[in-house]
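Residue numbers (the numbering used here), protein chains in the order written: chain A, 675 to 1154; chain B, 675 to 1154.
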């Protein structure tokens, strides 16, 4: 029978297909309906376990998370893009603003129903998971971008500027704590932890934002650019080391803090002196010999090492962020491995994860907590102290090393950029309970103001170079 | 004074740096200690808000998540690699096994303390968030890989085989429901939803695993390979369409289900007839003209569209997965955009997110629920029904279209691969409450057995081609 059928014309053949297909579908439907008729009479055991309502709640959680992530990603792009195009600001400013817009400060105050719909309290834990993973990955990338050559071979000006730009705001911040502590802290936090944290958090420089601004203005190769990058790198390492000490002190008794510091020192030594050479020899050297995309095994190895290092610092009693940063820092910052890791992780982290972190920060920032003239005066004082300490300290140190006033001022302005690094530090302080939500909000305002003022001040000092000609959005924000 | 200092020798200069640096540090320390002495006498307001204990719990949540993710990623790679090297199995088998090993079935039964330490109940929600985002992204990639040419221009054999491979297991599964429903279901689920779900879930073919097996054996260009790929693609679309109907029926009353189906049809029509041409014209065509890496704006646009589409299907009442798949399917499956999206998302999803999904599945799989000879008999019956329906249906349909017995059998074996697609479907059924944890466990065993048997049976039928010569791990598991 197969031969005559096979020799039929295509048209007839298609008809035959159609007929047999319909017959099959019809027969299936009839057969299923017969089965169903049998089955409808059966009785199942009584229901146990989760009720339908619980299951419904579960499913609507996913809907909330998808909605929140979608709105956050969209708004971050729109506001970030607007800041770049209309104000010539780095997009990160707009992304932070987008997070605050979605929080209780703006949307929650103007239209509480919309805020409750878009970012209900129930979505906060899931958003927290996304933003924590995002920040851990981001800190790994910051560590990966750290160029050891910027830390070595420092000139006088680098050392002087970077340390002055830490010491000055640190001391001013600690002094400011004398007034802030009795008003805005709580008795469960000691003055030492509070003042150390305030001092360190005023000393932060946003290395990624600074690198991006330098590249946008095409000054990364000049003396000013190189000094600024080197200072920021030294600042980064110093501030995070100081912060690790502060966290150790804040979370333990004084004797516990000594142990924490000893563990941190031992862990850093272990990573630099043992893990780094081993990794270099058994993993990095091999990966650098290959070409093409990174294998899944290599990627998994880096992820496991990253999670392990983050976990180690979390167990020591400082934060997972330090371990992630440290692992990035011991890997080479250029070559195939670094390039491949960045191309795998960076875009997803910057586009999908970090906006969630900004939104999570925005949900915790409540400008309504800063009310009355006294609160706003202290908020202004925090901004002033931050600027005077960081800008002033860098300015005078740079001038003393022989830079021109104009370039010294430009360096001071650059070092004064706080950006998202400050937000990471502030969230850490809030998580640990070292700072109260009111101080948190004031400091978020400070971070925004100091980052925002960088671009117009640089325009004034250096002319509007690079403005109106932003580099393609696709280029990653890293040291060239 | 600047001139004589500037002309000093470098050595003296370094000494001067060291001295001034030490003086600065010393002065800072003294200044801080003075501030601290003042501050220690201050009193802060009484503590309010979260207690230290709550904060501690919060911080240890992050540690648990990092630990869980690290262990999951590591074990998935190790067991996946072992399965590939020692047994010649696709790594996905090992990754699924790793998830089950970490769950209550193995680790929880043998060493409950270790399981409680590595994967405590408290980490399940965070792991759920990671695994849900991972599966949504994965289904987007599966949709993106869908080659429309495989669906068009079908030969007789493709249509016959693909539909036989759905109809046969569907009817057998629905029949099996007559025995399973009174024993293992619950009164809160109607027989219709239960039997439809059982039928559809036996009809699943794992397109990604199948594509990978074909490529590993280098038969993707042969008639057998092309037919298998085309059948699996048709199966994919048909099974997911059917599943959407089942979910619609399971979550609503009969009249509600009709509306759900109408909404689904309208949404698919909207995506295919309106969104697809608009996207093609305003987005895809522009992106294809550029070269180099995808811009952040384009990536954000795709993410927002993906989250929006997932949300739309979630709101309609079927699952977010359908929307993610559909958005992937309306984007072109080759060209710069597809290539760039894959290189940005795929590796992170496969290495970091999917193992979390397997672990989440493993946490819900409790082999202890299948106990006694009756349970194991039914478990065997499910495996047998799945194999007879899928393998038998494809075998006879392929033979009827004129394929050799050997190739028909090989095609049947390939279509019988369930892989991770089955796990996605089963988790959905468990989330909706259509199947009980016992049936879930039995079906997971079925998915493992049918995927596991594919490689040895193909070795028997086609010879051990490709074995011992696996392609580099780095190559993504997709249709060439």
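Idealized CB from N, CA, C, for every residue including glycine.
Going by the CB atoms, is the gap between residue 817 of chain B and residue 981 of chain B shorter than 8 Å?
On the second chain, position 307 is the one that residue 981 of chain B refers to. On the second chain, position 143 is the one that residue 817 of chain B refers to. A distance of 8 Å or more separates the beta carbons of residue 981 of chain B and residue 817 of chain B.
Neighbour flag for residue 1103 of chain B against chain A, beta carbons, 8 Å:
Mapped onto the second chain, residue 1103 of chain B falls at position 429. Residue 1103 of chain B does not count as touching chain A.
For residue 1116 of chain A, would you say it is in contact with chain B, using Cβ-to-Cβ distances shorter than 8 Å as the test?
Position 442 of the first chain, counted from the first residue, corresponds to residue 1116 of chain A. Not an interface residue.
Can you pull the chain B residues whose beta carbon is under 8 Å from the beta carbon of residue 806 of chain A, in chain order?
Here residue 806 of chain A refers to the residue found at position 132 when the first chain is read from its first residue. Here the neighbours are 736, 739.
List the residues of chain B that residue 744 of chain A touches, going by C-beta distances under 7 Å, in chain order.
On the first chain, position 70 is the one that residue 744 of chain A refers to. Near residue 744 of chain A (Cβ distances below 7 Å), the residues of chain B are 978, 981, 982, 985.
Specify, as a first and last residue, the run of the alpha helix (DSSP H) that residue 1029 of chain A falls within.
By 1-based counting over the first chain, the position of residue 1029 of chain A is 355. Element bounds for residue 1029 of chain A: 1028–1038.
Mapping DSSP to helix, strand and coil, what is residue 1083 of chain A?
Position 409 of the first chain, counting from 1, holds the residue named residue 1083 of chain A. Helix, per DSSP.
Using a Cβ-Cβ cutoff of 8 Å, what residues of the segment 1014–1045 of chain A are near chain B? List them in chain order.
1017, 1018, 1019, 1021, 1022, 1024, 1025, 1026
Considering Cα atoms alone, identify which of B:931, B:824, B:930, B:920 is closest to residue 881 of chain B.
Counting from 1 along the second chain, the entry for residue 881 of chain B is found at position 207. Ranking B:931, B:824, B:930, B:920 by Cα distance to residue 881 of chain B puts B:824 first.
Bounding residues of the alpha helix (DSSP H) (the contiguous stretch that carries residue 1011 of chain A)
In the first chain, residue 1011 of chain A corresponds to position 337, counting from 1. 1010–1022 is the extent of the alpha helix (DSSP H) around residue 1011 of chain A.
Helix, strand or coil for residue 821 of chain B, going by three-state DSSP, please let me know.
Mapped onto the second chain, residue 821 of chain B falls at position 147. For residue 821 of chain B, the three-state secondary structure derived from DSSP is coil.
For the alpha helix (DSSP H) containing residue 1099 of chain A, name the first residue and the last one.
Counting from 1 along the first chain, the entry for residue 1099 of chain A is found at position 425. Counting along the chain, the alpha helix (DSSP H) containing residue 1099 of chain A begins and ends at 1093–1106.
Supposed contact pair residue 796 of chain B and residue 735 of chain B - C-beta distance, whole angstroms, cut 8 Å:
Here residue 735 of chain B corresponds to residue number 61 of the second chain, with the count starting at 1. Here residue 796 of chain B corresponds to residue number 122 of the second chain, with the count starting at 1. Sure, about 7 Å apart at Cβ, within 8 Å.
Helix, strand or coil, according to DSSP, for residue 880 of chain A in the structure here?
For this step, residue 880 of chain A is matched to residue 206 along the first chain. Note: residue 880 of chain A maps to coil in three-state DSSP.
With DSSP collapsed to three states, give me the class of residue 763 of chain B.
Position 89 of the second chain holds residue 763 of chain B. Of the three classes helix, strand and coil, the one that applies to residue 763 of chain B here is coil, per DSSP.
Could you check what DSSP says for residue 1137 of chain B in three-state terms: helix, strand or coil?
Position 463 of the second chain holds residue 1137 of chain B. Look at residue 1137 of chain B here: in three-state DSSP terms it is coil, with no helix or strand label.
Do you know how far the Cα of residue 1064 of chain A is from the Cα of residue 761 of chain A?
For this step, residue 761 of chain A is matched to residue 87 along the first chain. For this step, residue 1064 of chain A is matched to residue 390 along the first chain. Each residue's Cα considered, the two are about 24 Å apart.
What does the Cβ neighbour count give for residue 1081 of chain A, buried or exposed, with the cut at 16 atoms within 10 Å?
Within the first chain, residue 1081 of chain A is the residue found at index 407, counting from 1. With 16 or more Cβ atoms within 10 Å of its Cβ, residue 1081 of chain A is classed as buried.
Per DSSP, what kind of secondary structure is residue 785 of chain A in: helix, strand or coil?
Here residue 785 of chain A refers to the residue found at position 111 when the first chain is read from its first residue. Residue 785 of chain A: coil per DSSP, three-state reduction.
Whose CA, out of B:1106, B:1117, B:814, lies closest to the CA of residue 1040 of chain B?
What you label residue 1040 of chain B is simply residue 366 of the second chain in a count that begins at 1. The residue with the shortest Cα to Cα distance from residue 1040 of chain B is B:1117.
Which residues in chain A have a C-beta closer than 7 Å to the C-beta of residue 855 of chain B? List them in chain order.
The residue given as residue 855 of chain B occupies position 181 in the second chain. In chain order: 713, 716, 718.
Members of the segment 947–974 of chain A near chain B, C-beta cut-off 8 Å:
966, 967, 968, 969, 970, 971, 973, 974
For residue 837 of chain A, would you say it is in contact with chain B, using Cβ-to-Cβ distances shorter than 8 Å as the test?
The residue given as residue 837 of chain A occupies position 163 in the first chain. Contact of residue 837 of chain A with chain B is assigned, a C-beta pair being separated by under 8 Å.
With 8 Å as the threshold, decide whether the Cβ of residue 945 of chain B is near any Cβ in chain A.
In the second chain, the residue the question calls residue 945 of chain B occupies position 271. Closer than 8 Å: no.
Pick from A:1034, A:1124, A:978 that is closest to residue 744 of chain B, judged by C-alpha positions:
Sequence index remark: in the second chain, residue 744 of chain B carries index 70 (1-based). It is A:978 whose Cα lies nearest to the Cα of residue 744 of chain B.
Expressed to the nearest angstrom, what Euclidean distance is found between the alpha-carbon atoms of residue 1136 of chain B and residue 911 of chain B?
Residue 1136 of chain B sits at position 462 when you count from the first residue of the second chain. Residue 911 of chain B sits at position 237 when you count from the first residue of the second chain. Going by the C-alpha atoms only, they are around 28 Å apart.
Could you name the residues of chain A that residue 751 of chain B contacts, counting a contact when the two beta carbons are closer than 7 Å?
Walking along the second chain from the start, residue 751 of chain B turns up at place 77. Those are 971, 974, listed as they occur along chain A.
For residue 875 of chain A, three-class secondary structure by DSSP:
In the first chain, counting from the first residue as 1, residue 875 of chain A sits at position 201. In this structure, residue 875 of chain A counts as helix in the three-state DSSP scheme.
Step through the CB atoms of chain A and report whether any lies within less than 8 Å of the CB of residue 709 of chain B.
The residue you call residue 709 of chain B lines up with position 35 of the second chain. A Cβ of chain A is located within less than 8 Å of the beta carbon of residue 709 of chain B.
Can you give the Cα-Cα distance for residue 939 of chain B and residue 994 of chain B, rounded to whole angstroms?
The residue you call residue 939 of chain B lines up with position 265 of the second chain. The residue you call residue 994 of chain B lines up with position 320 of the second chain. Approximately 15 Å, taken between the alpha carbons.
Within 10 angstroms of the Cβ of residue 769 of chain A, are there 16 or more other Cβ atoms? Answer buried if so, exposed if not.
If you number the first chain from 1, residue 769 of chain A lands on position 95. Classification of residue 769 of chain A: buried, given that the 10 Å Cβ count is 16 or more.
Are any of the Cβ atoms in chain A nearer than 8 Å to that of residue 865 of chain B?
As a working mapping, residue 865 of chain B is identified with position 191 in the second chain. At least one chain A Cβ lies under 8 Å of residue 865 of chain B.
Please decide whether residue 1079 of chain A counts as near chain C, where near means a Cβ-Cβ distance under 8 Å.
In summary, chain C is missing from the structure at hand, where the protein chains are A and B.
When you check each C-beta in the segment 749–776 of chain B against every C-beta of chain A, which residues fall closer than 8 Å?
750, 751, 755
Cβ closer than 7 Å: which chain B residues qualify as neighbours of residue 799 of chain A?
As a working note, residue 799 of chain A is residue 125 in the first chain. Annotation: Cβ neighbours of residue 799 of chain A in chain B (cutoff 7 Å, chain order): 799.
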